[in-house]
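Participant:
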Amino acid sequence: MPNHDYISRTPAKKKKNSRAKKKTANQAPAFSTKNKAISVLVVLLLAAFAYGLWALKHNPETKNPIVTTPAVKASTSKTLEKSKSLPKPPKEKWTYVKDLENKEVEVGKYEVQQGGPYKMQCGSFKTQKQAEVLKARIAFAGLEAVIQPSTGKNGTWYKVALGPYAKKRDAEKDKHKLKRNNVNYCQIWLWK
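For reference, each letter of the sequence shown is one residue, going 57 to 248 in my numbering.
1. What residue does the beta strand (DSSP E) around residue 19 start on, and which one ends it?
2. Going by DSSP, which residues form a beta bridge with residue 213?
3. Between the segment 155-169 and the segment 178-198, are three or more C-beta pairs nearer than 8 Å?
4. Output needed for residue 190: all residues of its chain with C-beta closer than 7 Å, excluding positions within five of it in sequence on either side, in chain order.
5. What does a CB cutoff of less than 6 Å around residue 243 pick up in its chain, not counting 5 residues either side in sequence?
6. Which of the three DSSP states is assigned to residue 247 in this structure?
7. Would you list the residues sitting across from residue 177 in a DSSP beta bridge?
8. Residue 155 to residue 145, Cα distance in whole Å?
9. What does a CB cutoff of less than 8 Å around residue 234 pick up in its chain, not counting 5 residues either side in sequence?
10. Within a Cβ cutoff of 6 Å, which residues of the same chain sit near residue 184, ignoring the five residues on either side of it in sequence?
11. Do you know whose CA, among 206, 207, 208 and 202, lies nearest residue 220's CA?
12. Would residue 175 be called buried (16 or more neighbouring beta carbons within 10 Å of its own) or exposed?
13. Tell me the DSSP secondary structure of residue 90 in three-state form.
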């Protein structure tokens, strides 16, 4: 069965009888006496309202606004002088205001000491294959890493490191670049 759209369809028009058409065509619409009385009353009220506004506008009594003067107390010249002058400031409880006026700032000479070359270590692995995988991930980030074998009590470990960096700030930039490429846990050390 097909779907019908009943909402957007316009309703069907009803057929009228020929007798009904003749009756309505011969009769003119007539206003009832009640409707006539209401319309006359509305016109009279609007006219009265307009006349009232016009009368208020042209009435001389409504031209000048009513001004009330506030009650003024008789005051002497001494009270006026007292109100014009400012009160004396309170006595200071603290001495820091005077101390700051006479304070001198000592300026020292400071030298920034370079900490030395830095290196960034990103991993230490037991097998060289794991170190090569991390070195490849770092290369995809656009940086060059070095694998350094280190022999100790626990055997040989392969460290993946970047550097040397003259400033620690340069090492931090590369560390953030590696973090954006999902190479985490890099540490910055002084080069030994």
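Every residue, glycine too, gets a C-beta built ideally from N, C-alpha and C.
Values in this document were obtained by computation on a predicted structure and should not be read as measured data.
Facilitator: Based on what the coordinates show:
1. Residue coverage of the chain in this structure runs from 57 to 248, which leaves residue 19 outside it and unanswerable.
2. 206
3. no
4. 178, 179 and 216
5. 177
6. coil
7. 217 and 243
8. 19 Å
9. 178, 194, 197, 199, 240 and 242
10. 214
11. 202
12. buried
13. helix
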